[in-house]
Structures are given as C-alpha cells and as structure tokens.
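Numbering (this note's numbering), first residue to last: 2 to 217. From the three backbone atoms N, C-alpha and C, an ideal C-beta is built for every residue, glycine too. What follows is a single structure, written as structure tokens, with notes after it.
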Amino acid sequence: MALHIIDEANRCLNCKKPMCQQGCPVHTPIPTVIQLFKENRLLEAGDMLFRNNPMSAVCSIVYNHEMQCAGHCIRGRKDMPAHFSSIENYISEMFLDRMEVTRPEKKDKKVAVIGCGPAGMTVAITLAQQGYPVTVFEWKGKIGGLLQYGIPEFRLPKSIRYHFPQRDTSATTPQSKKHQNLWHNLWHKNKRTPEILAISGVLVESGGLEPSTFRV
Ligand code: SF4
C-alpha cells in the first residue's frame, strides 16, 4: 500500500460533524470509511463506498474535490486538507477487483435503462443489486457514455471503465438482436410492443455527448 495513502488517512481528525461529508454531493460517509481503512477492513470500506455510489472509483478521479470533500475539510482552514479522494481511489479500485457479484432474489418487475452513461450505469447497478431484471440500451458500441467517449485517457484511465462491464453490470441483460428491435420500436417508432408493455419502469439518460429530443 502506498505510504501517502496511509499518511492521508492518519491526517483525518475523525470529526464528529464531518464537513467533508456535508460538502460531498452524495454524502459519502468519509470518516467511517477512513476508520475502516485504518483498521485494515478494506473490503468493508469498499462495500460502503460502492453502495453509497457505484461510481466512487470514477468520482475519486474526475470530480472537483477542491470544491467538495477537500474544500470542506476542517484541516484546510489552517493547513492542507485531508485528501480523501486518494484514499477513496485506492479503496474503490481494490474493491472493484475483488468484489463478489451477488444475485438477490429476482423481482417480477422489469426495468429498461436507455442510455448507459454514468447515471444509467448507476441506476442499472443499484436496481440489479435489489433484484430487478435490468436491460440496458446503449446506441454506442460500449457502455460508459461520457466516461468512455468524453473523458480522455490521461484524465480517466480506461482500466477503471473496464471494471464495469466485467463486474457491476453482469446482472443486466446483454444486448441482442431482440433487444435492438425492442430499442428501435421504443425509441424510434414510439411503438408499444408486448415486450415493451412488460417493462415496468424506464429510465432515459439522454446523455451529454449529443443533445437529443425525447420521442417517448
Ligand atoms: S473534515 Fe477532514 S479531518 Fe474532518 S472527518 Fe472530514 S476529512 Fe477528516
């Protein structure tokens, strides 16, 4: 383990009222995660991060931490703030490598996620974890949206993006000819086929790469 990660964890004061957590858009339980890390309970720390935000490995790199966790850290008032993003990145990448994908009891309601950028991926993972059969529709060749096609390699290494198709979305249905037809009917023709009517919920993530008009 890199020494600077341990040093950063030791700099955290384990505040009773963690300002870092308040400054985080997804309210990551930062002091608890750091404590678990210091007790060498890495998988528990990773599981906590992943359940709170399946994109934690990505957010640990590309978010504006100076405006969020680091920017709100109490240590930053007189000194350097604790850089939680480095700790989060270490734990999240380790967790994605080792996590076991569990398959909870299947729910009888189907969900379609249209567009598989970060929001679509987060919803698909969260619902699949709860047992909902999720079908993801993505018009581009690979899932990820902005993460795949909008952020260059030097800013977000592809190695992180590869975790998701292999691991997190394995509970979702891969696209087939049948699903391409379903997508075509739903999106382009606004046609309600029996397969479409069997879907109970639809999330449409229109994406940030190209603006588009809703047709459903
Ligand atoms: S505000 Fe800073 S010192 Fe306090 S718990 Fe958060 S990271 Fe640790």
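Residues of its chain near residue i, where Cβ-Cβ distance is below 6 angstroms and the 5 sequence neighbours each way are ignored
i, result
"V63", "L157"
"Q130", "none"
"K79", "none"
"C13", "I35 and A83"
Residue i, DSSP secondary structure in three states
i, result
"P19", "coil"
"F155", "coil"
"Y64", "coil"
"T29", "coil"
"A71", "helix"
"E9", "helix"
"Q130", "helix"
"E101", "coil"
Check whether residue i and residue j have beta carbons under 8 angstroms apart
i, j, result
"P55", "T127", "yes"
"M20", "H66", "no"
"P134", "K159", "no"
Same chain, Cβ closer than 8 angstroms to residue i, five either side skipped, listed in chain order
i, result
"L50", "T29, V34, S57, E89, I92, S93 and F96"
"A71", "C21, G77, P82, A83, H84, F85 and S86"
"H5", "S87"
Distance cut-off 7 angstroms: residue i Cβ against heavy atoms of the ligand SF4
i, result
"N90", "no"
"C21", "yes"
"I75", "yes"
"L14", "yes"
"A83", "yes"
"P32", "yes"
Residues near residue i in its chain [Cβ-Cβ closer than 7 angstroms; skip 5 each side]
i, result
"L43", "I92 and M95"
"Q69", "G24, C25 and P26"
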